[in-house]
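Okay, so here's the structure we're looking at.
Residue numbers (our numbering), protein chains in the order written: chain V, 1 to 113; chain G, 1001 to 1116.
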């Protein structure tokens, strides 16, 4: 069975700081990778996804993620965070059988103005 | 275009009571999903429906049943609620199964359920 680990449960940053959220998965086959964001009081929205091709994926709102197959990782980055990035971030993975999306436990990001 | 809608938004039940959570999507999606979200555990898949007329168990199906009423609607039923089912429930839909290149899941606003 596949699993996803997000090691940082809570992250606090000041505005303009750089962000990197870790995501590691365990699955030996071909995977599809996603980052979702949940702003306070809102539902989950897709930030970005990786299916194949260029391992550096750019998403909305200046976020990007890099798939490193040898490390089973898909870390999320943003060079300069804003107060409005305060949210919970979820990494998720599915295999090419396609029938289940497995989520990590989430990382709560708080950006101080 | 409302996307994915869920009712109710909040519900309090007593142990042993039953209820049905409703979900509808207006994006003509084939696949629909029910998740529960618990602190520190992310979202866990309860049941999904790959297409109209089919349903399958996810990671945590015990204590739940689902019905894919038609292409738009996918309901989740708790027959005899237990305190362990206190959670936030999210419905989602996608064009097809995850794994297809163009697929993304779209989530509803959630139902916050408390079982006393």
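C-beta atoms are modelled at their ideal positions from N, C-alpha and C, and glycine is treated no differently.
All values reported here derive from a predicted model rather than from experimental measurement.
Using a CB distance cut-off of 8 Å, residue 1041 of chain G counts as an interface residue toward chain V. Not flagged as an interface residue toward chain V: residue 1074 of chain G, since no C-beta distance is shorter than 8 Å. Annotation for residue 1014 of chain G: no beta strand (DSSP E) segment contains it, and DSSP assigns it neither H nor E. Listed along the chain, the chain G residues whose CB falls inside 7 Å of the CB of residue 105 of chain V are 1040, 1041 and 1042.
A Cβ-Cβ contact shorter than 8 Å links residue 1037 of chain G with residue 1087 of chain G. Listed along chain V are 43, each with a C-beta nearer than 7 Å to that of residue 1108 of chain G.
Three or more beta-carbon pairs separated by less than 8 Å link the segment 1042-1056 of chain G to the segment 1019-1033 of chain G, which places the two stretches in contact. V:62 is the residue among V:62, V:88, V:24 and V:100 whose C-alpha sits nearest the C-alpha of residue 80 of chain V. Taking residue 1060 of chain G as the centre and dropping the five residues before and after it, the same chain places the C-beta of 1044 and 1046 closer than 6 Å to its C-beta, in chain order.
Residue 68 of chain V: member of the beta strand (DSSP E) spanning 64-68, first to last residue.
Taking 8 Å as the upper bound for CB-CB distance, residue 1004 of chain G and residue 1025 of chain G are in contact here, some 5 Å apart.
About 7 Å separates the CB atoms of residue 49 of chain V and residue 32 of chain V; that is less than 8 Å, so the two are in contact. Comparing C-alpha distances from residue 1014 of chain G to each of G:1051, G:1082, G:1052 and G:1092 shows the shortest one belongs to G:1082. Within the same chain, Cβ atoms closer than 6 Å to the Cβ of residue 1093 of chain G are found at 1004, 1025, 1029, 1032 and 1106, the five residues on either side in sequence being excluded. Between residue 1055 of chain G and residue 1041 of chain G, the alpha-carbon positions lie close to 24 Å from each other. Counting only the Cα atoms, residue 1067 of chain G lies some 46 Å from residue 14 of chain V.
Between residue 1010 of chain G and chain V, the shortest Cβ-Cβ separation is not below 8 Å. A buried status is given to residue 95 of chain V, since no fewer than 16 other beta-carbon atoms sit within 10 Å of its beta-carbon. Neighbours of residue 1113 of chain G across chain V, judged by C-beta separation under 9 Å, do not exist; the nearest C-beta is about 16 Å away.
If you ignore the 5 residues before and after residue 1010 of chain G, its C-beta comes within less than 6 Å of the C-beta of 1112, all in its own chain and listed in chain order.
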